[in-house]
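Enquirer: Here it is: the structure, laid out below.
In my numbering, the protein residues as written are 9 to 208.
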């Protein structure tokens with residue numbers, strides 16, 4: 009099975025072995041399906057398990073951003089009763105507090121409830137393409153950081169403060185990464201702060 013998967017990806021020129029979870033955006037693609045996404049020849053390519061592939065010119069990517077948060081599911085073995093308790097904590101401070109008060113920890117699992125959103129132009133129409141989790145956002149941030157919404161907003165103060173994307177129907181608030189976060193970005197830590205109302 010693994011060899012078949014590798015051959016399938018090689019056949020379509022896909023350099024990545026793990027697919028992303030597609031949520032919505034393409035009219036003829038069902039929601040919650042695996043889709044490989046990568047940049048090649050100045051195009052953002054989307055490959056389905058069926059072998060159908062589509063692409064968007066990088067020049068037609070208006071921006072990409074991320075919405076949501078991550079949670080840490082900490083399973084703890086109580087020292088007195090031996091019962092297993094489950095705690096949901098958000099952020100590093102919450103996890104540290106749980107570790108300090110109750111020991112030992114049997115398992116820590118991170119739950120990614122974020123969504124990666126791309127606004128692209130397809131057939132001269134603006135389209136929002138949504139993927140579950142933040143792994144695609146991390147990939148795009150490494151490959152085309154100039155298309156990230158924060159950078160574009162800093163250059164274009166006229167962009168709307170609130171955006172709506174198809175499928176989730178929730179507002180995307182404007183955010184700006186601090187200089188420290190951009191210069192010293194870790195693999196899972198991201199410092200965010202609201203954009204000022206006035207243009208920079």
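Glycine residues also receive a C-beta, built at the ideal position from the N, C-alpha and C atoms.
(1) If I measure Cβ to Cβ from residue 15 and keep anything under 7 Å in the same chain, skipping five residues before and after, which residues do I get?
(2) What's the gap between the Cα of residue 156 and the Cα of residue 149?
(3) Comparing the CB of residue 116 with every heavy atom of the ligand GDP, is any distance shorter than 7 Å?
(4) Between the Cα of residue 140 and those of 123, 57, 48 and 19, spot the shortest distance and give me the residue it belongs to.
(5) Leaving out five residues on either side along the sequence, give the residues of the same chain with a beta carbon under 7 Å from the beta carbon of residue 24.
(6) Pull up the distance between the alpha-carbon of residue 18 and that of residue 37, whole angstroms please.
(7) Which residues does DSSP list as the beta-bridge partners of residue 64?
(8) Cutting at 7 Å between CB atoms, please list the residues of its own chain near residue 130, excluding the five before and the five after it.
(9) Going straight from the alpha carbon of residue 50 to that of residue 83, what length do you get?
(10) Give every residue of the same chain whose Cβ lies closer than 8 Å to the Cβ of residue 67, excluding the five residues on either side of it in the sequence, and list them in chain order.
(11) Taking the alpha carbon of residue 79 as the point to measure from, which residue in 126, 26, 121 and 158 has its own alpha carbon closest?
(12) What's the call for residue 181, buried or exposed, on a 16-neighbour Cβ count within 10 Å?
(13) Does the Cβ of residue 127 have 16 or more other Cβ atoms within 10 Å, making it buried, or fewer, making it exposed?
(14) With distances taken from CA atoms, which of 158, 28, 115 and 10 is nearest residue 53?
(15) Distance, Cα to Cα, residue 56 vs residue 20?
(16) Using the Cα positions of residue 34 and residue 69, report the straight-line distance between them to the nearest angstrom.
(17) Compute the Euclidean distance between the alpha carbons of residue 143 and residue 125, then round it to the nearest angstrom.
Expert: According to the data block:
(1) none
(2) 7 Å
(3) The ligand GDP is not part of this structure, which contains no ligands at all.
(4) 123
(5) 44 and 46.
(6) If you take the alpha carbons of residue 18 and residue 37, they lie about 23 Å apart.
(7) 52
(8) 64
(9) 44 Å
(10) The beta carbon of residue 67 sits closer than 8 Å to those of 50, all from its chain and outside the five residues before and after it, given in chain order.
(11) For the residues 126, 26, 121 and 158, the minimum Cα distance to residue 79 belongs to 121.
(12) The pLDDT assigned to residue 181 is 42, lower than 50, so where the model puts this residue is not dependable, and the model offers no usable value.
(13) Buried, because 16 or more other Cβ atoms sit within 10 Å of the Cβ of residue 127.
(14) The shortest Cα separation from residue 53 among 158, 28, 115 and 10 belongs to 28.
(15) 10 Å
(16) 15 Å
(17) One C-alpha to the other measures close to 12 Å.
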